[in-house]
Amino acid sequence: MKKKILLPGILILLTTHIFSQEQPLRVWGNPNALYFNHELYHKESLLSLALKYYLSPNYIATFNNLTLSSPLKKGQIIKIPLSSKNYNQTGFSADRKEKLRPLFKHFEKEESMINVIYEYNLHDSLIRKWNPQIKYEIPAKTDLLIGFIKIKQ
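Taking this note's numbering, the leading residue of the sequence shown gets 91, the next gets one more, and so forth.
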């Protein structure tokens, strides 16, 4: 009897733990306009996103071809642009009021590590430290850790 109760309980806890893990943030766009996608939750607005990601509401609206008065709905995907205010390439934060989440750039085809470092203006030593499995060529279908997004707690 105890085994019948214990096993479902363990499965529920394990499933809850797996699905509560944050999904990796994948970066999209070209080197001059990188962004990641944010799925809106209930009652989120351009202002709340701007405060969370250290941007102005107008900047987020313009980047998404919206106006400040555009209606937003739960589940809508908003592109959050990377800028010098929210994109961190050191992996270190002195501010306890912010959290750093890793950002990954996906490479569908094989790329030269040197070209990617140059094209995306990345720090060579940090990229190699964060991605030690990659030497000279980034294999096809690889997610490369390129930096961190600063998120206000």
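Each residue gets a CB set at the ideal place from its N, CA and C atoms; glycine is no exception.
Boundaries of the beta strand (DSSP E) harbouring Ile241: 232-242, taken from the DSSP string.
In the three-state DSSP reduction, Lys187 falls in the coil class, being neither helix nor strand. Taking the Cα positions, Gln179 is about 25 Å away from Leu137.
Your pair Ile217 and Ile228 does not check out as a contact, with CB atoms roughly 10 Å apart and the cut at 8 Å. Under the DSSP definition of a beta bridge, Val206 lacks any partner.
In the DSSP assignment, Pro171 falls within the unbroken beta strand (DSSP E) covering 167-171.
No residue range can be given for Phe182, since it is assigned to no alpha helix (DSSP H) and is classified by DSSP as neither H nor E.
Between the alpha carbons of Glu188 and Ala230 lies a distance of about 33 Å. A Cβ-Cβ separation of about 6 Å places Lys142 in contact with Ile241 under the 8 Å criterion. In this structure, the alpha-carbon of Tyr210 lies about 19 Å from that of Phe153. In the structure shown, Tyr226 adopts coil according to DSSP, grouped into three states. Per DSSP, Asn221 lies in no beta strand (DSSP E) segment and is marked neither H nor E.
A buried status is given to Leu212, since no fewer than 16 other beta-carbon atoms sit within 10 Å of its beta-carbon. With a minimum length of 3 residues, the unbroken runs of beta strand (DSSP E) contained wholly in the region 114-165 fall at 115-118, 125-129. At least 7 Å separates the beta-carbon of Gly237 from that of Tyr144.
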